[in-house]
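One structure below.
Protein chains in written order, with this note's numbering: chain A, 606 to 1094; chain B, 6 to 489.
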């Protein structure tokens, strides 16, 4: 990687402000890196011309003394965000050739603040997956490899985002998190990624997976970069009825490094029997780091945690089965003709959706069906309320909660391919906060025995991203995680 | 009045419930800002939301909520300050989202009542089960291409109120009265134009039959009926069909049927087994719909006078009979017209003229009250001319005919045609004298004691001689004196 692509977002902004280099130069460096990094398969679409135009505009704005907060910073966009005039696929065959006539609110906010779009990055099809192996455009490789040289998945669903940022093919990237899709790939790729509170970032223009859970957030190489980018992404949007009208604070200013007196909750239910020892050891290490920084450690209980995964895998597919009904071959994307309307539906959807998406549509259709609704969907909604109440009660005695992000380091491609349940278990620590709509961040904290990054997760109160970021900053500082993947691409 | 219908094996009772879809009068759709004008070029009133583009989200249109609340209030119904939008999932080419946003378990409006009025002055209360808001679908056009179906999404996402009655109606006549009354109420408050031809009001008709006093029978539903007459035909046909089946030993299958208005018959559309499983669940893109009771109270305070209240007022204050009052309030435009004619005048006379003369003239021309060539002010002037003896009631009818033809003011017509009533006693007396002198035989008959009939003949002769302009009262009076 060139010098320019090694810079953090904060340092790149400083360099741009100082006139050390232009956004065009910075952007070109990244476009070169993207070109050289094709083996990672992170990008589905590279928008080089548009990137250079946006970079030039950012340079002009800086010269005119009116740069936005992210002026000139080249970013990758998860291909779940609709981008005007740019192919948007959700990594699915069914959206073949779909060029939206509109720009999602979150990406509009980023461009408003001067950021530069390098292109669109891959994901698990319709954000359904934990390994980025379900993308119609092929698996994405994790830039990190095990010490023995074996390749690893980048995690998912924001695997393309994480892989691109980890390989320095973008300064940072947008992600979306439904059950852990920002935090888990961040953990697998040695990055910081934040899922803000549900309602913090607009969902308008983000292709829906599970509407009551989907939330956009940043994936970056430091807590500060994460804070900077979230500040631009977040904000009330009248076009999203679930968006919350509350001011966006200066997140970077929250990184004071001072967590003296902060109460950090440690949920006993997250200490699972089959969690690998190195994960538990890292968690203990994290507890120790925060304690040494002046935080008070509090034992808490989240008693309904064990039901979270089952609840999630009812609620999310139920919503998905309905959200994905619009992909029917009638209006846009793929159409596979048939002898009748029903034939056309069946042909189009059978060919257009991959196996995991099909599985979740079937599960979702089943749990909403007459006679099953009460036993599955309704019960899941009740449990979801109980899980949210667990957190409310826990936050009576603590300010943030510390847990591992994922139960393992990145696994090998194909490892969980035949076993959806073990694949779903990757979300075990991230899903509860998603169900409760709470903010969460993953911070890289160490390496596994195989030399792969491991993350720790911090959760916070609704709309208290600032405290989460502040604690994450301290954790980052204490962990001093500076390891980089060895370049093989 | 008995609504029972006779079968081969005894009497049967029809049980009818109606689900009316009323398009909310609103500039914009229920969850998008797109326009709602009827008759626009296909696919010109479609937003990204209506076309279900990926990532698009619904945002509730407050105006539609307001109209639903006002309608609920007008139906005397309970308003739910907390309601929930659900998704009704099914696939169809003109349903771009693959689901319709509707309200299933928790509608915005609960139970209410509609009072039906009948010709004989009797009334009947029909219960309202609920009213909920939902999106309309688009329109499939099968006649544009030999093998393809075209889809027009202009209607996609337009706000509908589904108004569900209780199964309280017992005849096609009652169902017709219900639809008319509901349409009247909707028009009074302006929440729906009630235009069935344009599809802005459509009815799903549920019909079952039973022996009087028995439990409800199995019902069939006839979907999307777009005229009151068709609804009544469908009910008559369907009831007879069901009775015939049961009397021949068969049973009724619960199913959705289609009314073929050309043939006047109903046909199976889909059976219960083929019924969709709509997989309703709360729409996660929308928060529950919540508003303050104070808003409801405010809207209640701003409601216009409703037809029942207006009818009672016409009966109590103006002394009109129930049936006349019912007709005069049947459409807001008619009631406004009538009230202008009646203002400061004899209300019964005004009612008579509007109902008898004006309506038959309009009917003959196939016009509605809003297209009347005679304005309320002009009709009022005509009544004034009768009241102040300028013309007789008989002449007034002739004047009115001219008014209907030309739209001219009555004074002008009376003036131009020289129709002013002769009230000059001297002139009338001369005519009376002449008639008496010319008809000695009749004078003799009168003296012979056949007074009433003969005096009528004399009046007729004098009126004829005066070309109808003599004041009939004076003529009568003078004849009695002279023949007396």
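A virtual CB, placed ideally from N, CA and C, is assigned to each residue, including glycine.
- Around residue 924 (chain A), the beta-carbon contacts reaching into chain B at under 7 Å are 289.
- By the C-beta criterion, the stretch 618 to 635 of chain A is judged not to be in contact with the stretch 745 to 755 of chain A, since fewer than 3 inter-stretch pairs fall below 8 Å.
- Beyond the five residues adjoining it in sequence on each side, residue 642 (chain A) comes within less than 6 Å, by CB distance, of 772, 774 and 1094 in the same chain, given in chain order.
- Collapsing the DSSP output to three states places residue 987 (chain A) in a helix.
- Residue environment analysis places residue 147 (chain B) among the exposed positions, since fewer than 16 neighbouring C-beta atoms fall within 10 angstroms of its C-beta.
- Taking C-beta separations shorter than 6 Å and ignoring five residues to either side along the sequence, the partners of residue 1004 (chain A) in its chain run 867, 868 and 1072, following chain order.
- The secondary-structure analysis by DSSP pairs residue 779 (chain A) across a beta bridge with A:823.
- The Cβ atoms of residue 82 (chain B) and residue 115 (chain B) sit closer than 7 Å to each other.
- Taking a C-beta cut-off of 9 Å against chain B, none of the residues of the stretch 765 to 784 of chain A qualify.
- Residue environment analysis places residue 233 (chain B) among the buried positions, since at least 16 neighbouring C-beta atoms fall within 10 angstroms of its C-beta.
- Residue 855 (chain A) and residue 141 (chain B) have their C-alpha atoms roughly 44 Å apart.
- Here residue 50 (chain B) is not near residue 931 (chain A), since their CB atoms are 7 Å or more apart.
- Residues of chain A with a Cβ closer than 7 Å to the Cβ of residue 104 (chain B) are, in chain order, 927 and 930.
- Per DSSP, reduced to three states, the secondary structure at residue 265 (chain B) is strand.
- Residue burial is scored here from C-beta neighbours: residue 938 (chain A) has at least 16 other C-beta atoms within 10 angstroms and is therefore classed as buried.
- In this structure, the alpha-carbon of residue 922 (chain A) lies about 28 Å from that of residue 1070 (chain A).
- Around the beta carbon of residue 980 (chain A), fewer than 16 other beta carbons lie within 10 angstroms, which makes this residue exposed.
- Cβ-Cβ distances below 7 Å link residue 221 (chain B) to 20, 172, 213 and 215 in the same chain, with the five nearest sequence neighbours on each side left out; the list follows chain order.
- With contact defined as three or more Cβ pairs closer than 8 Å, the stretch 787 to 798 of chain A and the stretch 665 to 678 of chain A are not in contact.
- Taken through DSSP and simplified to helix, strand or coil, residue 812 (chain A) comes out as coil.
- With 16 or more other CB atoms across the displayed protein chains lying within 10 angstroms of its CB, residue 934 (chain A) is buried.
- Taking the Cβ atoms as the reference, residue 1060 (chain A) lies roughly 5 Å from residue 1049 (chain A), within the contact range of under 8 Å.
- Contact annotation for residue 146 (chain B) against chain A: no contact, minimum CB-CB distance about 14 Å [criterion: below 7 Å].
- Contact with chain A is absent for residue 275 (chain B), since none of that chain's Cβ atoms lies less than 7 Å from the residue's Cβ.
- The shortest CA-to-CA distance from residue 34 (chain B) to any of B:255, B:405, B:24 and B:53 is the one to B:53.
- Around the beta-carbon of residue 967 (chain A), fewer than 16 other beta-carbon atoms lie within 10 Å, marking it exposed.
- In the three-state reduction of the DSSP assignment, residue 689 (chain A) falls in the coil class.
- Exposed is the label assigned to residue 640 (chain A), since fewer than 16 other Cβ atoms lie within 10 Å of its Cβ.
- Counting along the chain, the unbroken beta strand (DSSP E) around residue 1058 (chain A) starts and ends at 1058 to 1065.
- With fewer than 16 other CB atoms across the displayed protein chains lying within 10 angstroms of its CB, residue 361 (chain B) is exposed.
- Proximity of residue 331 (chain B) to chain A, defined by a Cβ-Cβ separation below 7 Å, is not satisfied.
- Under the 7 Å criterion on CB atoms, residue 806 (chain A) is classed as non-interfacial with respect to chain B.
- DSSP places residue 911 (chain A) in no alpha helix (DSSP H); its state is neither H nor E.
- Under DSSP, the beta-bridge partners assigned to residue 167 (chain B) are B:26 and B:137.
- Here residue 683 (chain A) carries a strand assignment [DSSP, helix/strand/coil].
- When beta bridges are read from the DSSP output, residue 17 (chain B) appears opposite B:10.
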